[in-house]
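**Student:**
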DNA sequence: ATAAAAACATAACAAATGTTATATTTTTAT
DNA sequence: ATAAAAATATAACATTTGTTATGTTTTTAT
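Protein chains in written order, with full-length UniProt numbering: chain C, 1 to 233; chain X, 1 to 233.
1) Of the choices 37/C, 200/C, 208/C, whose alpha-carbon is the least far from that of residue 172/C?
2) Please confirm whether residue 167/C has its beta-carbon closer than 7 Å to some beta-carbon of chain X.
3) Taking 7 Å as the CB-CB limit, is residue 132/X close to chain C?
4) Quick one: is residue 16/X near chain C, going by C-beta distance under 7 Å?
5) Straight-line CA distance for residue 227/C to residue 65/X?
6) Figure out for me which residue from 3/X, 69/X, 154/X, 195/X has the closest Cα to the Cα of residue 141/C.
7) Using CA coordinates, which residue listed in 190/C, 55/C, 9/C, 179/C is at the minimum distance from residue 74/C?
8) Quick one: which residues of the stretch 90 to 108 of chain C get their C-beta closer than 8 Å to a C-beta of chain X? List them in chain order.
9) Where residue 233/C and residue 163/C are concerned, what is the direct C-alpha to C-alpha distance, given to the nearest angstrom?
10) Leaving out the 5 sequence neighbours to the left and right, which residues in its chain are closer than 7 Å to residue 180/C when beta-carbon positions are compared?
11) Would you identify the three-state DSSP class for residue 106/X, choosing helix, strand or coil?
12) Run through the UniProt domain "Cyclic nucleotide-binding" (15 to 135) of chain C for me and flag every whole beta strand (DSSP E) of 3 or more residues, listed as ranges in chain order.
13) So, with DSSP's three-state summary, where would you put residue 209/C?
14) Give me, in chain order, the residues of the same chain whose beta-carbon lies closer than 8 Å to that of residue 101/X; leave out the 5 immediate sequence neighbours on both sides.
15) I want to verify the contact list: residues of chain C whose CB lies under 8 Å from the CB of residue 187/X, in sequence order.
16) Could I get the ranges of all uninterrupted beta strand (DSSP E) runs contained in the UniProt domain "HTH crp-type" (149 to 219) of chain C, with 3 residues as the minimum, in chain order?
17) I'd like the list of long-range same chain contacts for residue 127/X, defined as Cβ closer than 8 Å, with 5 residues on each side in sequence excluded.
18) Please tell me whether residue 136/C has its Cβ less than 7 Å away from any Cβ of chain X.
19) Give a yes or no on whether the C-beta atoms belonging to residue 121/C and residue 23/C are separated by under 7 Å.
20) How would you list, in chain order, the residues of chain C whose beta-carbon sits under 7 Å from the beta-carbon of residue 52/X?
21) Identify which residue in 154/C, 184/C, 193/C has its Cα closest to the Cα of residue 224/C.
22) Give the interface partners of residue 140/X over in chain C, defined as CB-CB distance under 7 Å, in chain order.
23) Taking the alpha carbon of residue 6/X as the reference point, which residue from 160/X, 54/X, 31/X has its own alpha carbon closest?
24) May I ask you to check if the CB of residue 110/X is nearer than 6 Å to at least one heavy atom of the ligand NAP?
25) Within its chain, find whatever has a CB closer than 6 Å to the CB of residue 186/C; leave out the 5 residues flanking it on each side and keep chain order.
26) So with CB distances below 8 Å, who are the chain C contacts of residue 225/X?
27) Can you have a look at residue 40/C and say buried or exposed, based on whether 16 or more other CB atoms are within 10 angstroms of its CB?
28) For residue 54/C, count neighbouring C-beta atoms within 10 Å of its own C-beta (all shown protein chains included) and say buried if the count is 16 or more, exposed if not.
29) Please confirm whether residue 34/X and residue 106/X have their CB atoms less than 7 Å apart.
30) By the criterion of Cβ-Cβ separation under 9 Å, what are the contact partners of residue 195/X in chain C?
31) Output needed for residue 192/C: all residues of its chain with C-beta closer than 7 Å, excluding positions within five of it in sequence on either side, in chain order.
32) Give every residue of the same chain whose Cβ lies closer than 6 Å to the Cβ of residue 80/X, excluding the five residues on either side of it in the sequence, and list them in chain order.
33) Output needed for residue 114/X: all residues of its chain with C-beta closer than 8 Å, excluding positions within five of it in sequence on either side, in chain order.
34) In terms of alpha-carbon separation, which member of 42/C, 216/C, 83/C lies closest to residue 132/C?
35) Under 7 Å between beta-carbons, which chain X residues line up against residue 143/C? List them in chain order, please.
Here it is in structure tokens:
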């Protein structure tokens, strides 16, 4: 059975790790640094692709809008993640939008430069396409959770996923998202989310400081989810 | 704005349509016919990929199992669809399982043969990778529906999608799925699904014969979903 | 530093969905 | 053709989630 976290992680921070140090040098020399302000878009649905990004600092949400206009967030990117490459394979447009959740520093590789890199470094193309396959499985897993789990379980699962993803890069390891964004990840309203958070607080599962959520008792979460010990490693 | 149905359709029946008639001949000569019995698997999660399939006759469900073992179905394939190719790009394993819903006739292309075809016909590789990108967007749309819509709306949307997909190949155009499978698509229990179906019957939106569901009044469905006329074309 | 705006917390009530139980219909195997 | 098994329909009740409303805290802009 697969590791729990890898079922929900794009693993897009490892994409350049397959390269030799020589090849890495070529790739990193192709990058140009960009500053992206909180609230602005790295790319948007239906837009023509311009290149790919690697996050040096900050977080971004990937989302689509439903019929009714509500954002559905299906991924939060953090430091190290590479993103924006789907649309570069096969002359497509972006399938979704990506917005900075805080002021960000990113490295950008322009489309033409990236396509040249793919040609020059055979391992790169295979790695990226392989990862798109993996990401496909991640979305299928997200579908499964949204379709089969009730609100508390969806919240519990996403708290584990988000804490795991953030703690790699933020020392304190808390989950710092607006209630609206968190609600738009787990598929509910901010009010219903609030009720579940209160339950978790009352049961000692989490603590909240300002809006930052800290997981205090993972065992209780595993119990809630009926996950056997050992599965989470 | 994109066509409604294309947002939820893999469009994997068009993959060979980009080829010249000469190239098509090569591809179709590489196929071997297979008979697959109802209930057996074309491929399964974690399995090593063997090749790709094109459906000549019959339907198949693509699904994953959640923690609790319940199937989550995220796609129903029908006649003409090509499937099983994700795992062939980049030495992966299957991310999901695919089971025949009735006795099927399929054309099979073995892995090595298919990879050779990809090399020999450059347009083919681009087309397949482009389609994987499109399918990624389809899964994101499914996530949005599951996260944001209530049961009746999810049912309504999936009835439209399924009728549209089936009517291409079955004259009567009804939706013939077990209640369990349909429930495992829209993310509910067969009992709750039954209640919604009864409501739809009482309101004259659908008719049911044996287990086959016929849509009788699409306008009522559009109304239910707040979809403007013209959007569905 | 302060006022205004935005985000958050919480409760009460309404509506939707889950669950359990039972009866009926349809399919399958012999 | 018939009995057994599987699938379906439906209802009653329990639980979960959505919604509306109000007050408080936090952030933002000046």
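Even for Gly, the Cβ is constructed at its ideal location relative to N, Cα and C.
**Tutor:** According to the structure shown:
1) 208/C
2) no
3) yes
4) no
5) 15 Å
6) 69/X
7) 9/C
8) 90, 91, 92, 95, 96
9) Low per-residue confidence applies at residue 233/C: pLDDT is 49, beneath 50, and the placement is therefore not dependable, though the value from the model is reported in the following sentence. Taking the straight line from one Cα to the other gives about 14 Å.
10) 190
11) strand
12) 32 to 36, 41 to 43, 51 to 57, 60 to 65, 71 to 77, 97 to 100, 104 to 110
13) strand
14) 38, 58, 59, 60, 61, 76, 177, 181
15) 146, 147, 148
16) 206 to 209, 212 to 215
17) 15, 18
18) yes
19) yes
20) Per Cβ cutoff of 7 Å: no residues; residue 52/X is ~14 Å from chain C at best.
21) 154/C
22) 64, 74, 95, 96, 139
23) 160/X
24) What this structure holds is no ligand at all, so the ligand NAP is not there to describe.
25) 154, 155, 158
26) 67
27) exposed
28) buried
29) yes
30) Going along chain C, no residue has its Cβ under 9 Å from residue 195/X, so there is no contact; the nearest lies around 17 Å.
31) 151
32) 13
33) 30, 51, 52, 85, 88
34) 83/C
35) 72, 74, 139, 142, 143, 146
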